[in-house]
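Take a look at the structure below.
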Amino acid sequence: MSSLENRELEFARQVRRALDETTASLPAPTVDRLAAARRAALARKKPETVSAPVFVPAFAGMPAGLSGLPPADPAPRRRSSLRRFALAWPVVALVVSLIGIAYWEDHQRTAELADIDAAMLSDDLPLNAYLDHGFNAYLSRAH
306 MSSLENRELE
316 FARQVRRALD
326 ETTASLPAPT
336 VDRLAAARRA
346 ALARKKPETV
356 SAPVFVPAFA
366 GMPAGLSGLP
376 PADPAPRRRS
386 SLRRFALAWP
396 VVALVVSLIG
406 IAYWEDHQRT
416 AELADIDAAM
426 LSDDLPLNAY
436 LDHGFNAYLS
446 RAH
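Going by our numbering, the first residue of the sequence shown is number 306, and it counts up by one from there.
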(Lines of atoms letter the chains of each structure in order from A and count residues from 1; the text may use other names and numbers.)
(Lines give C-alpha, C1' and ligand atoms only; values in the text may rest on other atoms or scores of the structure.)
Protein backbone atom coordinates (compact mmCIF):
# COMPACT_ATOMS: atom_id res chain seq x y z
CA MET A 1 0.00 0.00 0.00
CA SER A 2 1.19 3.49 -0.75
CA SER A 3 1.45 6.19 1.86
CA LEU A 4 -1.50 8.01 0.26
CA GLU A 5 -3.72 4.95 0.67
CA ASN A 6 -2.54 4.56 4.27
CA ARG A 7 -3.39 8.19 4.99
CA GLU A 8 -6.82 7.79 3.40
CA LEU A 9 -7.55 4.69 5.48
CA GLU A 10 -6.41 6.45 8.66
CA PHE A 11 -8.63 9.44 7.84
CA ALA A 12 -11.62 7.12 7.25
CA ARG A 13 -11.00 5.45 10.62
CA GLN A 14 -10.85 8.83 12.37
CA VAL A 15 -14.12 9.94 10.73
CA ARG A 16 -15.82 6.66 11.70
CA ARG A 17 -14.54 6.96 15.28
CA ALA A 18 -15.81 10.57 15.50
CA LEU A 19 -19.24 9.59 14.13
CA ASP A 20 -19.49 6.64 16.54
CA GLU A 21 -18.65 8.90 19.49
CA THR A 22 -21.19 11.51 18.38
CA THR A 23 -23.89 8.88 17.82
CA ALA A 24 -23.63 7.82 21.45
CA SER A 25 -24.56 11.33 22.58
CA LEU A 26 -27.67 11.67 20.34
CA PRO A 27 -31.05 11.72 22.07
CA ALA A 28 -33.15 8.53 21.83
CA PRO A 29 -35.95 10.07 19.65
CA THR A 30 -33.35 11.20 17.08
CA VAL A 31 -31.79 7.73 16.98
CA ASP A 32 -35.27 6.21 16.47
CA ARG A 33 -36.07 8.63 13.61
CA LEU A 34 -32.72 7.85 11.95
CA ALA A 35 -33.35 4.11 12.26
CA ALA A 36 -36.84 4.50 10.73
CA ALA A 37 -35.43 6.57 7.87
CA ARG A 38 -32.80 3.91 7.21
CA ARG A 39 -35.42 1.13 7.16
CA ALA A 40 -37.58 3.17 4.74
CA ALA A 41 -34.61 3.80 2.46
CA LEU A 42 -33.69 0.11 2.46
CA ALA A 43 -37.30 -0.82 1.63
CA ARG A 44 -37.28 1.53 -1.41
CA LYS A 45 -33.91 0.32 -2.62
CA LYS A 46 -34.07 -1.30 -6.03
CA PRO A 47 -32.81 -4.85 -6.17
CA GLU A 48 -29.36 -5.19 -7.68
CA THR A 49 -29.29 -6.83 -11.07
CA VAL A 50 -27.06 -9.84 -11.13
CA SER A 51 -25.57 -10.58 -14.51
CA ALA A 52 -24.37 -14.05 -15.29
CA PRO A 53 -21.47 -14.56 -17.69
CA VAL A 54 -22.54 -15.31 -21.25
CA PHE A 55 -20.67 -18.01 -23.09
CA VAL A 56 -20.48 -17.63 -26.86
CA PRO A 57 -19.78 -20.65 -29.04
CA ALA A 58 -16.44 -20.63 -30.85
CA PHE A 59 -18.12 -20.58 -34.26
CA ALA A 60 -20.53 -17.71 -33.47
CA GLY A 61 -18.78 -15.32 -35.87
CA MET A 62 -19.02 -17.67 -38.86
CA PRO A 63 -21.86 -17.56 -41.41
CA ALA A 64 -24.85 -19.70 -40.47
CA GLY A 65 -24.24 -22.29 -43.19
CA LEU A 66 -20.69 -23.03 -42.06
CA SER A 67 -21.21 -23.16 -38.32
CA GLY A 68 -24.44 -25.13 -38.34
CA LEU A 69 -26.05 -22.47 -36.14
CA PRO A 70 -29.14 -20.44 -37.04
CA PRO A 71 -28.46 -16.87 -38.28
CA ALA A 72 -27.83 -14.39 -35.48
CA ASP A 73 -30.04 -11.39 -34.80
CA PRO A 74 -28.98 -7.96 -36.23
CA ALA A 75 -27.88 -6.50 -32.87
CA PRO A 76 -24.48 -8.28 -32.89
CA ARG A 77 -23.92 -6.96 -36.42
CA ARG A 78 -24.21 -3.42 -35.10
CA ARG A 79 -21.77 -4.22 -32.33
CA SER A 80 -19.47 -5.80 -34.89
CA SER A 81 -19.49 -2.69 -37.08
CA LEU A 82 -18.79 -0.56 -34.02
CA ARG A 83 -15.87 -2.83 -33.16
CA ARG A 84 -14.58 -2.54 -36.70
CA PHE A 85 -14.80 1.25 -36.45
CA ALA A 86 -13.02 1.15 -33.10
CA LEU A 87 -10.24 -0.89 -34.69
CA ALA A 88 -10.12 1.19 -37.88
CA TRP A 89 -9.92 4.72 -36.46
CA PRO A 90 -6.36 4.32 -35.10
CA VAL A 91 -5.26 3.15 -38.55
CA VAL A 92 -6.96 6.15 -40.16
CA ALA A 93 -5.32 8.47 -37.60
CA LEU A 94 -1.93 6.92 -38.38
CA VAL A 95 -2.38 7.39 -42.14
CA VAL A 96 -3.49 11.02 -41.66
CA SER A 97 -0.49 11.61 -39.38
CA LEU A 98 1.93 10.14 -41.91
CA ILE A 99 0.46 12.29 -44.69
CA GLY A 100 0.79 15.35 -42.45
CA ILE A 101 4.41 14.55 -41.64
CA ALA A 102 5.24 14.01 -45.33
CA TYR A 103 3.61 17.34 -46.21
CA TRP A 104 5.50 19.14 -43.44
CA GLU A 105 8.85 17.64 -44.49
CA ASP A 106 8.19 18.62 -48.12
CA HIS A 107 7.32 22.14 -46.98
CA GLN A 108 10.55 22.32 -44.93
CA ARG A 109 12.65 21.12 -47.87
CA THR A 110 11.02 23.65 -50.18
CA ALA A 111 11.71 26.43 -47.67
CA GLU A 112 15.38 25.38 -47.42
CA LEU A 113 15.75 25.39 -51.21
CA ALA A 114 14.11 28.81 -51.39
CA ASP A 115 16.60 30.12 -48.81
CA ILE A 116 19.50 28.75 -50.88
CA ASP A 117 18.09 30.29 -54.06
CA ALA A 118 17.61 33.65 -52.32
CA ALA A 119 21.18 33.55 -51.00
CA MET A 120 22.51 32.75 -54.45
CA LEU A 121 20.53 35.49 -56.15
CA SER A 122 21.33 38.17 -53.58
CA ASP A 123 25.08 37.51 -53.49
CA ASP A 124 27.75 38.76 -55.90
CA LEU A 125 29.30 35.55 -57.20
CA PRO A 126 31.19 34.88 -60.39
CA LEU A 127 29.52 32.63 -62.96
CA ASN A 128 32.10 29.89 -62.39
CA ALA A 129 30.79 29.45 -58.81
CA TYR A 130 27.40 28.36 -60.17
CA LEU A 131 29.09 25.75 -62.39
CA ASP A 132 31.08 24.24 -59.51
CA HIS A 133 29.59 20.93 -58.33
CA GLY A 134 30.77 21.47 -54.75
CA PHE A 135 28.98 24.82 -54.60
CA ASN A 136 25.71 23.29 -53.34
CA ALA A 137 27.62 21.58 -50.54
CA TYR A 138 29.22 24.92 -49.64
CA LEU A 139 25.82 26.60 -49.52
CA SER A 140 24.37 23.83 -47.39
CA ARG A 141 27.24 24.21 -44.86
CA ALA A 142 27.09 28.02 -44.95
CA HIS A 143 23.38 28.18 -44.01
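Beta carbons: idealized from backbone N, C-alpha and C, even for Gly.
Backbone CA spacing between Arg343 and Arg349 [nearest angstrom]: In the sequence shown, residue 343 corresponds to position 38, counting from 1. In the sequence shown, residue 349 corresponds to position 44, counting from 1. Roughly 10 Å separates the two Cα atoms.
Taking the alpha helix (DSSP H) that Glu353 falls in, what are its first and last residues?
-> Start at 1 with the first residue of the sequence shown, and residue 353 comes out as number 48. Careful: Glu353 lies outside any alpha helix (DSSP H) and carries neither H nor E.
Helix, strand or coil: which one does DSSP assign to Gly486? Given that the chain is displayed from residue 306 to residue 448, the structure contains no residue 486 and the question cannot be resolved.
Mapping DSSP to helix, strand and coil, what is Leu331? One-based indexing of the sequence shown puts residue 331 at position 26. Reduced to three states, the DSSP call for Leu331 is coil.
Exercise. Give a yes or no on whether the C-beta atoms belonging to Val336 and Thr328 are separated by under 9 Å.
Key: On the sequence shown, position 31 is the one that residue 336 refers to. On the sequence shown, position 23 is the one that residue 328 refers to. In contact: Val336 and Thr328 (Cβ atoms closer than 9 Å).
Taking only the alpha-carbon atoms, compute the straight-line gap between Ala416 and Asp422 and give it to the nearest angstrom.
As a working note, residue 416 is residue 111 in the sequence shown. As a working note, residue 422 is residue 117 in the sequence shown. Approximately 10 Å, taken between the alpha carbons.
Exercise. Just to confirm, are Leu302 and Leu347 a CB contact at a threshold of 9 Å?
Worked result: As shown, the chain starts at 306 and ends at 448. That puts residue 302 outside it, with no answer to give.
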